[in-house]
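What follows is a set of notes on a single structure, which appears directly below.
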Amino acid sequence: MRMTRRALGAAALVLPGLAGAQAFPDRPLRLIVPFPPGGPVDMAARLLAPAMGTLLGQQMVVENRSGAGGTVGIDAVAKAAPDGLTLALGSTGAVAVNVNLVPNLPYDPRRDLAPVGLVTGVPSLLVLRPGLEVRNLEDLLAVARRQPGRLTFASTGPGGTPHLAAELLKLRAGIDIVHVAYRGAAPAITALMANEVDIAFLDLPVLLPHVREGKFRALGLAAAARAPVLPEVPTMAEAGLPGVEVENWYALIAPARLPPDRMSVLSAALRGALAQPELAERFLSQGARVIGGGPEEAAQFIAAEMERWGEVVRRANIRID
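So the sequence shown is numbered by this note's numbering: it starts at 8 and just counts up by one.
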């Protein structure tokens with residue numbers, strides 16, 4: 008990849024020693040997305056990869072490797088050579104939840120993965136299928152209480168944030184709604200559009216265009232504050248149900264035992280990419296917040312998320328057979 012003069016200057020500031028000849032990276036990098044194309048993780052990866060690749064002086068190629076709620080893609084990174092050339096954009100479910108949920112998980116995120124840094128966080132948004140005649144969250148909960156087990160919710164797979172968000176809704180509201188799992192956000196949205204399921208909690212960026220076009224009605228944002236990109240949509244607390252705050256975060260993940268010098272290069276490239284106003288604005292325009300930070304901060308955050316969602320898994324008695 009030929010670097011522009013502007014990119015060379017940025018690399019010289021952000022990645023000392025990498026603007027000229029360098030030993031790492033000496034060939035293109037793979038950024039594995041453990042979900043199908045078109046979903047929120049895929050969207051974030053395709054924004055991040057060119058920005059980081061420019062700073063690193065090598066192309067970063069996005070590769071979708073989906074399956075088992077993100078487990079397949081993350082396992083590929085866990086078993087990859089620890090040379091920094093194979094990375095993943097991991098999300099809450101695949102990195103922090105599956106360890107509490109999946110029997111015989113083929114990797115241990117605490118032992119086999121090394122977080123390079125947090126990328127972005129996006130709140131979950133509760134939306135309705137087009138034909139569901141309810142006006143607000145109160146109406147929806149009333150229907151669910153009158154007819155337990157009638158309403159269905161879509162997820163991107165067992166243990167993913169959309170699944171956990173709905174389980175948290177069930178716990179907080181004391182309702183019974185039925186889980187229907189799909190292989191990613193795009194199939195879940197297609198099913199919702201076709202009235203195959205009633206509701207879904209999905210990441211704000213992937214739902215944003217559909218809500219703006221009037222295809223889905225948004226009932227509540229699972230966040231502490233309203234989103235600037237959808238200021239008319241209340242938070243779940245404002246809609247009448249506090250305690251339902253769900254952010255799906257994305258972290259850049261490397262195999263464990265990555266040499267410290269290579270971790271430093273990747274971490275600096277990630278921070279440099281996220282510091283670019285153009286990239287930050289792209290994320291913000293989709294409803295995502297830039298998090299950033301280094302490997303230690305990411306590791307501490309992920310450990311806390313493992314504990315938090317482990318409690319939800321146990322209380323909701325979520326199991327994967």
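Just so it is clear, CB atoms sit at the ideal spot from N, CA and C, and this is done for glycine as well. From a predicted model like this one, the values you see are computed outputs, not experimental measurements.
Considering T168, what are the terminal residues of the alpha helix (DSSP H) in which it resides?
Mapped onto the sequence shown, residue 168 falls at position 161. Start and end: 168-180.
Under three-state DSSP, which class holds L135?
Here residue 135 refers to the residue found at position 128 when the sequence shown is read from its first residue. Here L135 sits in strand by DSSP.
Where do the N-terminal and C-terminal ends of the beta strand (DSSP E) with N71 fall, by residue?
Indexing the sequence shown from 1 puts residue 71 at position 64. Where N71 is concerned, the enclosing beta strand (DSSP E) stretches over 67-71.
With a CB to CB cut of under 8 Å and the five nearest residues on each side skipped, what residues in its chain are close to G191?
If you number the sequence shown from 1, residue 191 lands on position 184. Hits under 8 Å: F42, P43, G45, G46, S73, T163, G164.
Does the beta-carbon of F221 have 16 or more other beta-carbons within 10 angstroms, so that it is buried, or is it exposed?
Residue numbering aside, residue 221 sits at position 214 when the sequence shown is read from its first letter. The residue you asked about is not Phe; residue 221 is Gly in the sequence shown. G221 should be labelled exposed.
According to the neighbour-count rule (16 or more other Cβ atoms, all chains shown, within 10 Å of its Cβ), is Q307 buried or exposed?
Residue mapping note: residue 307 aligns to position 300 of the sequence shown, counting from 1. Exposed: under 16 other Cβ atoms inside 10 Å.
From N324 to E312, what does the alpha carbon distance come to, in whole angstroms?
Reading the sequence shown from its first residue, position 317 is the one you call residue 324. Reading the sequence shown from its first residue, position 305 is the one you call residue 312. The straight-line gap from Cα to Cα measures roughly 18 Å.
Just the Cα atoms here: how many angstroms apart are I309 and Y257?
For the purposes of this step, residue 309 is identified with residue 302 of the sequence shown, where counting begins at 1. For the purposes of this step, residue 257 is identified with residue 250 of the sequence shown, where counting begins at 1. Approximately 10 Å, taken between the alpha carbons.
Count the CB pairs spanning the segment 72-88 and the segment 105-123 that are closer than 8 Å, and state whether there are at least three.
With a cut-off of 8 Å, the segment 105-123 and the segment 72-88 count as touching, because enough Cβ pairs lie within range.
I need the boundaries of the beta strand (DSSP E) containing E145, first residue and last residue.
Mapped onto the sequence shown, residue 145 falls at position 138. Premise fails: E145 lies in the alpha helix (DSSP H), 144-153, not in any beta strand (DSSP E).
Using only alpha-carbon positions, find the residue among A75, L273, I298, E303 that is nearest to T61.
Stepping through the sequence shown from its first residue, residue 61 is reached at position 54. Nearest of A75, L273, I298, E303 to T61, Cα basis: L273.
Going by the DSSP bridge assignment, what does L94 pair with across the sheet?
Here residue 94 refers to the residue found at position 87 of the sequence shown. Answer is L38, bridged to L94.
With DSSP as the reference, label F290 as helix, strand or coil.
Here residue 290 corresponds to residue number 283 of the sequence shown, with the count starting at 1. Helix at F290.
Contact check, G294 vs V129 under 8 Å by CB: the rounded distance?
Within the sequence shown, numbered from 1, the residue matching residue 294 stands at position 287. Within the sequence shown, numbered from 1, the residue matching residue 129 stands at position 122. Going by Cβ atoms, the distance from G294 to V129 rounds to 6 Å, so yes, they are a contact pair.
Between T127 and N105, is the Cβ-Cβ spacing less than 8 Å?
Stepping through the sequence shown from its first residue, residue 127 is reached at position 120. Stepping through the sequence shown from its first residue, residue 105 is reached at position 98. Not closer than 8 Å, so no.
I need the straight-line Cα distance from G64 to H186, nearest angstrom please.
The residue given as residue 64 occupies position 57 in the sequence shown. The residue given as residue 186 occupies position 179 in the sequence shown. When rounded, the distance between both Cα atoms is 44 Å.
Which whole-angstrom value is the C-beta distance of F31 and G91, which I expect to be below 8 Å?
On the sequence shown, position 24 is the one that residue 31 refers to. On the sequence shown, position 84 is the one that residue 91 refers to. About 6 Å separates the two Cβ atoms, so the contact holds.
Quick one: what's got a C-beta closer than 7 Å to Q154's C-beta in the same chain, skipping five residues either side?
Within the sequence shown, numbered from 1, the residue matching residue 154 stands at position 147. None.
Taking the alpha carbon of L139 as the reference point, which residue from A188, H170, L199, L94 has its own alpha carbon closest?
Locating residue 139 in the sequence shown gives position 132, where the first residue counts as 1. Per the Cα distances, L199.
Distance check for N71 and I39, CA to CA, integer angstroms please.
By 1-based counting over the sequence shown, the position of residue 39 is 32. By 1-based counting over the sequence shown, the position of residue 71 is 64. If I take the Cα positions, the gap works out to 6 Å.
To the nearest angstrom, how far is it from the Cα of A28 to the Cα of M243?
Walking along the sequence shown from the start, residue 28 turns up at place 21. Walking along the sequence shown from the start, residue 243 turns up at place 236. Low confidence applies here, because A28 scores a pLDDT of 37, under 50, leaving its location unreliable; read the following figure in that light. One C-alpha to the other measures close to 52 Å.
Quick check on T242: does DSSP put it in helix, strand or coil?
Residue mapping note: residue 242 aligns to position 235 of the sequence shown, counting from 1. Reduced to three states, the DSSP call for T242 is strand.
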